[in-house]
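Below is one structure; the comments refer to it alone.
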Amino acid sequence: MPATSQHVHGPAGPSAHDAAGLPRQGHDLPGLDPRWSRVVVAPDAEGVSRSWHVLDTGPLLEERGEVVVATLLCVHGNPTWSYLWRRVLAQAPPGWRVVAVDQLGMGYSSRPEAPRRLAQRVEDLSRLTDVLEVSGPVLTLAHDWGGPVSLGWALRHREQLAGVVLTNTAVHQPADSAPPSVIRLARAPGVLARACQRTPAFVRATTVLSVPPLPREVRDAFAAPYATPGRRAAVADFVRDIPFEDHHPSRGTLDTIAEGVRGLDVPALLVWGPRDPVFGDRYLTDLLDRLPHADVQRYAGASHLVLEDRPEGVGVIWSWLEAHRPGTTTRSSGPAAAQRVPITVDDSAPDRPAVVELRPGGRSVTFGELAALVEDVARGLAQRGVGPGDRVAVMVPPGVELTTLVYALWRLGAVVVVADAGLGLGRLGAALRSAAPSLVVGIRPALALAAASRVRARRLRVEVGGPELEALALLGRGLSGDGPGGSGGAGSGAVPGDADGAVLFTSGATGPPKGVVYTRDQLGAQVALLRDTFDLRAGERLVAAFAPFALYGPALGLTSAVPDMDVTAPHTLTATALADAVSAVDASVVFAAPAALRNVVATAADLDGTGRDGLRGPRLVLSAGAPVPVELLRQVRAVLPSAQTQTPYGMTEALPVATLDPTALSPADTDGQAGVCVGTPVPGVEVGIARLDANGIPEEDLTTAPGTVGEVVVRGAHVKDRYDRLWARQAASERPAGWHRTGDVGHLDGAGRLWVEGRLSHVVRTSEGPVTPYPVEGRVRQVPGLAEVAAVGVGPDGVQQVVVVVVPEERPGGRAQALGAPAGSAVLAPAGLAAAVRAAAAPVPVAAVLVRSWLPVDVRHASKVDRTALSAWADGVLHGRTVGRRLRDLLPHGAPSRRSR
Amino acid sequence: MARSVLVTGASGMLGGAVADLLAARGDAVTVMQRRSAGGRHREVLGDVRRREDVRRAVDGQDAVVHLAAKVDVVGDWMEFVDTNVRGTGYVVEALRAQGGGRLVQVSSPSVTHTGRSLVGAPAGPATPMRARGHYARTKAAAELFALNADSPELAVVAVRPHLVWGPGDTQLVGRIIDRARQGRLVLVGRGTVLIDTTYVDNAAEAIVAALDRAEDAHGQALVVSNGEPRPVGELVADICRAVGAPPPRVHVPVPLAWGLGAVVEGAVAVADRLPRVPSITQPPITRFLAEQLSTAHWFDQRRTREVLRWAPRVRLDEGLARLAATSGR
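Respectively, the protein sequence lines represent chains A and B. Take the first sequence: its letters are residues 1 to 901, numbered as in the working numbering. Take the second sequence: its letters are residues 1001 to 1329, numbered as in the working numbering.
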């Protein structure tokens, strides 16, 4: 390591202990530019001169004549040092000065003779920044116990402060939980000195927990300044300075900071690795309580050193800092004011039935009864500690209980977390942990799952048809006169429309499920949009075999009938069960998932005369969640002869976007169009196309020019507010501001209809340009004898080859049924079939035609082909997998999938 | 602009096609070969292993397309070195001696193949120490030597056509037909790995393009193929179908094929040492061959197409049709 020219030694003459600055040689510090390193002498809190080691881009900027627009002040925790921020310095955009300090006694700063308390450290840092002439707007970035120090500095420099970024830290020990056991252990008598000072155990432990593991050289670099017990004294002192006890000398300082943070109105970003044995999710929740406006980027699976585990987080922090750079104005306005329906029970016709349960022993309530029950349960829930803004997961099957709980929570201004079994059980736990509800209300298996998934929330059991709901209502009724929340009738009217209303989850093909947050206004806009699009009028009756929409019935004054079925398994709805539900309320509208409709068609022969007559009633069948084949809809219309079949198109983040009755499309309509028509955008929703460039990457600008193929981008009052605690994902999806990138690709036709051509992640990036899957699949489907078709890409981006995987109607034998693909060479399509598929796919060249006996499909809807998994399989077949790769393929990854039927 | 061009190795299918293509557009073509073939072009008889022969043939030429090589799958290491490495050295030396010119060194994608699948791979640098088998190693060394000679006076382009085939091909097509007719054609593994090939006319046009664009392309190694990878089983079956031979039915598992290859190579070595046993020149399988047939090989040709301003004109299906036509079917 070359010597630095900025070494300035303390006036007292450095002792061996007190030498500050990077060692001249002997240590390799990968990623650290020695030109950043300088030693600065500044008075400490008591006025004694101390030598600080600082990484500072200031001198380089000055050398280059760059004007400093803003400064980022970085404070590390214990037992790391400014090395932690090397990537932050390396990636600094023009105009930013980055100052990363080594706290006194830490890193390569001098070693004071006595331990330094939190209050002293805040003062020390303030005096240092004076000497460093940190002027102009400052944003802070901190980790671990650097958090309280940086926030202490921030609170004393309010006039300069332009924002705060915190990573895995804490300012307060939540009252209802014990201090982190790791720290308690380290604090135990006898352990502290041994673990932290006499041996390098604590210093080393900090860097071995990372996921994925850190390279050895990086771990060594973190430990480099703490080579001897003498150099580690402050590491132990830092642990001693954590004020768990009320009488601790630093307790007052920390409490002042913790309360002061509530007054910080500057932009804030919290970057979190929840697999932290010390600062887990509960500290994130505590900070969010203090900084409710903060943006959050939570990396599921990342640990304590979150920026080491996820180096891309540094880029995310810089994008956020650039977006909040002093002097920039952010956020263009969203869509124009829209119609909204209040998310409350419409009790204008109190005697009309609201919810009718068809299961044996099921009950019914009128709108009047439901509204009263909601009031009482809301009071009961308030009594159980639920208040505005609290997140509550509701895991109860559809019926009176679910409807009551959801409307009661909205009445209280609480946020409903909707996690369904369609995510797959393991991912359901991950979803709940990411949303961090304070209460889980559910049936027994759901509560057991929440407990098993280590969801830190109180649990409240409510069974379908059980006494628990009534008990809650009784509890609420006992508090007569007092409004919900126990504070003088503060109903939902007092909750602002831009407050969070619900968290839903996408099943996302890769990675953990992503939470999607809707504000109350956005939920209201969605209800209004559904009402207007499908002309749903108060007094209409609907059969709700598809949970998400069914919940809105009470807000619209619609009677909802819940058929006798297992709603987590849509394909259990029989024609008879549907007919019973339709007859029970004389339904005019049916909501059902495609898989449910498929079973209704399959079991239609079992209907008796009454059932068949009853199914003549409904005017409308709605089916959403997955593509619905036109043939199936034609069969549905044979069973429900008076019904129009509408298939709204949309996603968890925006529903509906467009709608269509595919049976009404004539062949002339589809002529010359590629993909699947999803209809005309519904009124109030705008659709733009971000054209795919030659590399298959969507452009920034939007177009509505007919025929342009690109990512579908939507805007409307009902589009999600944000991804939950995934700031980077949200920033990437919200381009341009106020719009939502759907991840689907498609085009608009001359008549303004939207045609979807597949998922952006499934676009095959060939050397001749991007190839979208649906059009190829549509053409290949014309080849006789094929039950299912999927087009996927193999090979590196930019030179990918198109592979077509087919499932013949005559499926291969038992072994192939089990493995998906037939054994041996039979996986290659016979010559005649391969030639026919290639001819159909033209002009798109097809490298290989492979045969399977089923395709992997998603768990939630059992109808979206998992082309990512299929592509990985084809890649293995066509490129000769190694044994290690074959073993890895056996491990589950991403969203679970199951076999197509 | 007509120029004088020497084509070495013109007795082969690809060399012949290059010579014909150059002559057809008016270049003065000279071919160098060991025995007179009585062909259409001016002949210089000689052997690339002899310095004087090469110097005589290169004398007065504007450019050389160097195809002559020993391509067998077995044989003595020194014979490969003599033909492939020394031969290239003599060509470079002769061009330099007469003040420069252009050299298109015809190489092979196997010069970068280390036994793993090449999936949409760009043309990496040749690796003589890691390439598999005598042929690939010596061709790798020759390519490095030739590209190293690239200079303002001598523009060198290395072109790596992958698995060239077409009517009259004795290497790939010829062997498949022979084995198929003897009932000895087997597939290694499931026959599913993707392999790209080059129809002979496309390879010849790419070589001519490299000659013409030498001022842009010099110093580079460029992979040439049809850009239409196919599962190897399908490809072999298609070729068999085109020439009327029975397609392969037997699959040999990859590890078994590799083991057999090792045994065969041992037998070849033993046979070479035993005085009265004839040498094995066409072994049924080698480890190299087992690897080639069980790993994917297809390439990223974006740079090739951009630099050479060339694209394959004859698609795979058209090539198979031409093959069928010349087979009298």
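We put the CB at the ideal spot given by N, CA and C, even for glycine.
The beta-carbon of G385(A) is placed no less than 7 Å from the nearest beta-carbon of chain B. Listed in chain order, the non-local C-beta contacts of R1049(B) below 7 Å within the same chain comprise D1082, T1083, R1086, G1087, local neighbours out to five positions each way being set aside.
In chain order, S1117, V1119, V1193, L1194, A1296 make up the part of chain B whose C-beta sits under 7 Å from the C-beta of H879(A). For the region 1233-1252 of chain B, residues whose beta-carbon sits nearer than 9 Å to a beta-carbon of chain A comprise G1233, E1234, A1237, D1238, R1241, P1247, H1251. In the structure shown, the three-state DSSP call for F1080(B) is helix. If you check the CB distance, T663(A) and L633(A) come in under 7 Å.
At a cut-off of 7 Å between beta carbons, R1302(B) contacts chain A. In the DSSP assignment, P93(A) is bridged to no other residue. Distance from the CA of A869(A) to the CA of T703(A), rounded to the nearest whole angstrom, comes to 32 Å. For P1229(B), the closest Cβ of chain A is nearer than 7 Å.
Close to R1313(B), with beta-carbon spacing below 7 Å, lies no residue of chain A; the smallest spacing is near 15 Å.
In the three-state scheme derived from DSSP, where H, G and I count as helix and E and B as strand, D580(A) is classed as helix. Beta-bridge partners assigned by DSSP to A502(A): V416(A), Y518(A).
The three-state secondary structure of I697(A), taken from DSSP, is coil.
Burial state of T199(A) is exposed, judged by a 10 Å Cβ sphere holding fewer than 16 other Cβ atoms. DSSP assignment within the region 179-223 of chain A yields no whole beta strand (DSSP E) run of 3 residues or more.
By the Cβ test, the region 274-288 of chain A is in contact with the region 160-170 of chain A, since at least three Cβ pairs between them sit closer than 8 Å.
From the beta-carbon of A457(A), no residue of chain B is found nearer than 9 Å; the closest lies around 47 Å away. Within its own chain, the residues whose Cβ lies closer than 6 Å to the Cβ of G260(A), once the five positions on either side in sequence are excluded, are L155, listed in chain order.
Across the structure, W145(A) and R111(A) are spaced so that their CA atoms are roughly 18 Å apart. Here L726(A) has Q297, R298, K514 as same chain residues with Cβ atoms under 7 Å from its own Cβ, once five neighbours each way along the sequence are excluded. Taking 7 Å as the cut-off between beta carbons, the residues of the region 750-776 of chain A near chain B are S767, in sequence order. Contact between V865(A) and L855(A) holds: CB atoms are separated by about 5 Å, below the 8 Å threshold.
Between the region 406-421 of chain A and the region 491-505 of chain A, the count of Cβ pairs shorter than 8 Å is three or higher; the stretches touch. Exclusion of the five residues before and after T680(A) leaves A658, G752, R753 as the residues of its chain whose Cβ lies within less than 7 Å of its Cβ. For G795(A), the neighbours in chain B by C-beta distance under 7 Å run, in chain order, V1119, G1120. Scanning its chain for C-beta atoms nearer than 6 Å, with the 5 sequence neighbours on each side dropped, one finds around F1080(B) the residues K1070, H1134, T1138, in chain order. L474(A) is classed as exposed because its beta carbon has fewer than 16 other beta carbons within 10 Å across all chains shown.
Closer than 7 Å at the C-beta level to chain B, one finds these residues of the region 844-857 of chain A: P845, A847, A848. Under DSSP, G710(A) shares a beta bridge with R691(A), G746(A). The Cβ atoms of A626(A) and H740(A) do not sit closer than 7 Å to each other. Secondary structure of E686(A) (DSSP, three-state): strand. In this structure, DSSP gives S109(A) a state outside helix and strand, which the three-state scheme calls coil. When rounded, the separation of the alpha-carbon atoms in E1265(B) and A595(A) is 59 Å. Taking a beta-carbon distance threshold of 7 Å, V799(A) counts as an interface residue toward chain B. Between the beta-carbon of L665(A) and that of P706(A) there is about 17 Å, and that puts the pair past the 8 Å contact cut.
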